[in-house]
Each structure stands twice: as structure tokens, then as C-alpha cells.
Amino acid sequence: MKVLENTELAQFTTIKIGGKADKVCIPSTTSELVNLLDELSSKNEHWSIIGGGSNILISSHGIPGTVICTTSLNWIENLGPDLISAGAGVRLPRLSAYAAKSSLSGMEFFEGIPGTVGGAIIMNAGAHGSSTSQIMETVSVLNLNSGKIEILTPKDINFGYRLSNINPNEKIILEAKFRLVSDTETAIKRRMKEFNFARRSSQPIKDPSAGCTFRNPLELNTPAGKLLDSIGAKNWSIGSANVSSMHANFIINGGNAMSHDVCKLMSKMQETVYQKYNVLLKPEIKPLGVFTKEEAIIWTNADQTEGNSFIITR
């Protein structure tokens, strides 16, 4: 297991923001991860867990204790004619490409999503009308309360739009199995190319961001990006945090943005949409680390506290 001391966390996130952690541990096997969690628990040490670093905002003040990064839990195995198993840290584009080479369809929408298997299940990641819950057969999790490994099915997880009931503070995803359907590699890769083109044409994928800032509100039949565009949010900026001119639901790091810049910008976006539409946008980005009450209100007001791992100060 790789261990890094007193390490800057920005390098582990897609938005390139994050202060220091006392220690970063990168296990490469399930047993290493389980043993690490057992050791940290026995010492009552604070810990946090991250995957590919998308959909999260790490405080520029850092994260106390140990940060566990799952990206080396990256095995993929073909279990049968239509079943694939993947470790929690497997990146979604790599998994999509593996399925295509195996002439298995169903993962094309993973192309271009910069997350990992674990994050995809927790957030029920999706695109182009498809979602993770539709192809997931089972997921293996470590129950931190019982210390036992459990096998969950979609019925156990209660998936919703960009959410699940898996709280990473209580259950750690180890690996998952996906049920797919046969198709030609040519047809699968054609769809992947189309999805990738659509993403590149509409989203600022070359700029450092955490992905979509807010979930699409279920109360309205209008995407969050269109609501934000209608209030003139494109090109808003606070510090080096900027709303993308390409897509109003993306905040990009213009170079040296801090977490408090992003929080202030998110708050402005949230408040302005609420004033015009009486809808409180719920963040898709989750916070990790130390935040002030004024910053944390972005999530607490929208009832997004479950599954977050942040400490509120002052």
C-alpha cells in the first residue's frame, strides 16, 4: 500500500482544489483497504475516502487525519458471457472501453465521465438517458458498523436521481458486478464516439472542474444549466472560480481558485435561482474537509448532509 505524508490534495481532484492531508493511503487490494479501516477505527482516527476526485470539493484548509484513495482498486474481470466485475477504483471510461472490447453493451454512457465505479454507484452516475442503477447487478460493501462484507442488489440500495442510500461513512464500496448485453464492438464504439462528441460539444471537459455543480431540479422540467443560464450566470466569477461560458452548471478553476471561492460562487448561483424560480438547487458536488457555517449552508439548506464528510467551524 502506498502511503504519502503531509500531501496536497488538489492533485487528487478534477477541479484541482484541496489543502493538505496528514496522510494519504492508497490500498491496492481489498484486504489492504479492510485492514487499514480496521486499524484507523481501533485508533479512533479521523479518515475520509475519495475515488477519482470528481464531484467533490475538498476544502483548501485540508482534511484532518487520513485520506484513503481507492484508485488502485482497479481490477476488471469478465465473469461470463454478459457479466463484468470491477474494483471500486476502476475509472469509468476504462471500464466502458473494456466492455466494448468484450462486445458487451450497456456502459457506453460511462464514456467521458471522469469518475470511478464506487463514485458512480454512490451518485448513481448517468448520462444520455442511462444510469448506473440500470446495469449494476450487485455491489460488495464493507459495513463499518458490523465489520462484515455485504452483497447488495439495486433493490437494497434505493437508487434515485443522482443518489443512492449508500452512506460512505457507513458502507465502503469494494467492487461491483454489472449485467450487460451482447452487441458488436463496432456498434458499441460508434455509440461511445457519439456520446463523447456530445459531451465535448456541450461541456468544458478541458477545464478543471468537479463536474456538474447542481442536480437538475425534479420540481421543474428544466435542467439546472438552463436555469442558471437564464439568470445570466455564465462567466460569473469569484476569485479564480468561474462559471463556464460553455455550460452554466459548471464551475471551473481558472488557475488558483480556493474552496471558499467556489462556495461563494455556488451560494450566489443557488440564491439567485431561488429568488427567480422559488427552487433551491441541490449541489451535485459533495464537500470534504473543513468548511465554515457560511460555506456549509450550501449543502445543509438543500438537505444534502448525508454522505458528506465535512467539519463545520465557526
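The sequence shown begins at 31 in the numbering used here and counts up by one. From the three backbone atoms N, C-alpha and C, an ideal C-beta is built for every residue, glycine too.
Mind reading off the beta-carbon distance from residue i to residue j? Whole number of angstroms is fine, and I expect it under 8 Å.
i, j, result
"residue 17", "residue 302", "Coverage of the chain is limited to positions 31 through 344, which leaves residue 17 absent and any answer about it impossible."
"residue 116", "residue 125", "5 Å"
"residue 87", "residue 240", "6 Å"
Taking the straight line between their C-alpha atoms, what separation do you get for residue i and residue j?
i, j, result
"residue 336", "residue 193", "Confidence at residue 336 is low in this model, with a pLDDT of 47, below 50, so its placement is unreliable and no value can be given for it."
"residue 325", "residue 42", "22 Å"
"residue 233", "residue 277", "6 Å"
"residue 202", "residue 107", "20 Å"
"residue 40", "residue 175", "30 Å"
"residue 60", "residue 265", "43 Å"
"residue 282", "residue 314", "15 Å"
"residue 179", "residue 200", "12 Å"
"residue 147", "residue 267", "32 Å"
"residue 312", "residue 104", "31 Å"
"residue 246", "residue 221", "24 Å"
"residue 165", "residue 197", "20 Å"
"residue 128", "residue 219", "11 Å"
"residue 288", "residue 151", "28 Å"
"residue 260", "residue 275", "13 Å"
"residue 168", "residue 209", "9 Å"
"residue 56", "residue 195", "25 Å"
"residue 307", "residue 213", "44 Å"
"residue 235", "residue 82", "15 Å"
"residue 317", "residue 44", "14 Å"
"residue 149", "residue 33", "22 Å"
Candidates the options: which alpha carbon is nearest residue i's?
i, options, result
"residue 96", "201, 273, 35", "35"
"residue 94", "83, 101, 70, 85", "70"
"residue 91", "83, 291, 132", "291"
"residue 100", "129, 80, 165, 168", "80"
"residue 161", "169, 139, 181", "139"
"residue 331", "212, 304, 68", "304"
"residue 323", "271, 286, 299, 293", "293"
"residue 177", "68, 46, 56", "68"
"residue 113", "237, 207, 251", "207"
"residue 237", "72, 144, 155", "144"
Below 8 Å between beta carbons: does that hold for residue i and residue j?
i, j, result
"residue 321", "residue 89", "yes"
"residue 295", "residue 309", "no"
"residue 38", "residue 50", "yes"
"residue 225", "residue 110", "no"
"residue 205", "residue 170", "yes"
"residue 297", "residue 284", "no"
"residue 132", "residue 211", "no"
Is residue i buried or exposed, if buried means 16 or more other CB atoms sit within 10 Å of its CB?
i, result
"residue 158", "exposed"
"residue 31", "exposed"
"residue 183", "exposed"
"residue 121", "buried"
"residue 344", "Because the pLDDT of residue 344 is 38, which lies under 50, any placement of that residue in the model is unreliable, and the number read from its coordinates should be weighed accordingly. Exposed is the call here."
"residue 189", "buried"
"residue 181", "exposed"
"residue 63", "buried"
"residue 251", "exposed"
"residue 85", "buried"
Indicate whether at least one CB of chain C lies closer than 8 Å to the CB of residue i.
i, result
"residue 54", "Judged by its chain identifiers, the structure shown contains no chain C, having just a single protein chain."
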